[in-house]
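Q: Just dropping this structure here.
Residue numbers (the working numbering): 809 to 908.
What follows is the structure, encoded as structure tokens:
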């Protein structure tokens, strides 16, 4: 009987083991949280880069229009509208792929 009592962990030992396990779990959660913050920063940087590209595109197209004749400008507007649409879809696809 004494042997059985000696082999079983005491309440203090059980609590100590639980505290150690909780400490390990807390460390794992902190590590995951830090990794999450890092990933969010990367996503924000990527999105910012794509937004800059989208913001700069109309200015580039307008510079091209200023250098064109009236007829050519009309054609350029049609091309630009199509090009901007394609570029936005391309950027959307890139952003979507990076977020997955």
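Think of the CB as a built atom: it goes at the ideal place given N, C-alpha and C, for glycine as much as any other residue.
Please read these numbers as outputs of a predicted model, since none were measured by experiment.
Assign residue 899 to one of three DSSP states: helix, strand, or coil.
A: Note: residue 899 maps to helix in three-state DSSP.
Q: Fully enclosed by the region 812–844, which beta strand (DSSP E) runs are 3 residues long or longer?
A: DSSP runs (the beta strand (DSSP E)) wholly in the region 812–844: none.
Q: What I want to know is whether the C-beta of residue 816 ends up closer than 7 Å to one or more non-hydrogen atoms of the ligand FAD.
A: With respect to the ligand FAD, the structure offers nothing, as it holds no ligand at all.
Q: Can you give the Cα-Cα distance for residue 821 and residue 840, rounded to whole angstroms?
A: Straight-line Cα distance between these residues: approximately 29 Å.
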